[in-house]
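Engineer:
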Amino acid sequence: MESFFGSLKNEPVHRTRFRSRQEARAAPFEYIAIFYNRRRRHSSIGSRTSEQARMAA
4 MESFFGSLKN EPVHRTRFRS RQEARAAPFE YIAIFYNRRR RHSSIGSRTS
54 EQARMAA
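Under the numbering used here, the letters of the sequence shown match residues 4 to 60, in that order.
(1) Can you round the beta-carbon distance between R41 and E54 to whole angstroms, since I take them to be within the 8 Å contact cut?
(2) I'd like to confirm the pairing. Which residues does DSSP put opposite R51 in its beta bridges?
(3) My assumption, with CB atoms under 8 Å, is that R51 sits in contact with R44. Please give the rounded CB distance.
(4) Give the secondary structure of S6 by DSSP, where H, G and I count as helix, E and B as strand, and everything else as coil.
(5) Just to confirm before moving on: does the CB-CB distance between A30 and F38 stay below 8 Å?
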């Protein structure tokens, strides 16, 4: 969990000025859905992306 929050703070989402509160609330969810869960390599699945692990299964 600490790794996740560290990653979030280092991503552009953390340093972005948003035009609305709604946009600010949506940004972390978009980051999680698009980058963190799909394209980021995870050590728990052999340093593969979740897409790569899913395709190999």
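Using N, Cα and C, we set each Cβ at its ideal position, and we do this for glycine too.
Structural biologist: Walking through what the data contain:
(1) Position 38 of the sequence shown, counted from the start, is the residue given in the question as residue 41. Position 51 of the sequence shown, counted from the start, is the residue given in the question as residue 54. Taking C-beta atoms under 8 Å as the contact rule, R41 and E54 qualify, at a distance of about 6 Å.
(2) Indexing the sequence shown from 1 puts residue 51 at position 48. DSSP output for R51 lists H45 as bridge partner(s).
(3) Here residue 51 is taken as the residue at index 48 of the sequence shown, counted from 1. Here residue 44 is taken as the residue at index 41 of the sequence shown, counted from 1. At roughly 6 Å, the Cβ-Cβ gap stays under 8 Å, so R51 and R44 are in contact.
(4) The residue given as residue 6 occupies position 3 in the sequence shown. Here S6 sits in helix by DSSP.
(5) Position 27 of the sequence shown, counted from the first residue, corresponds to residue 30. Position 35 of the sequence shown, counted from the first residue, corresponds to residue 38. Their beta carbons are not under 8 Å apart, which means A30 does not touch F38 by this criterion.
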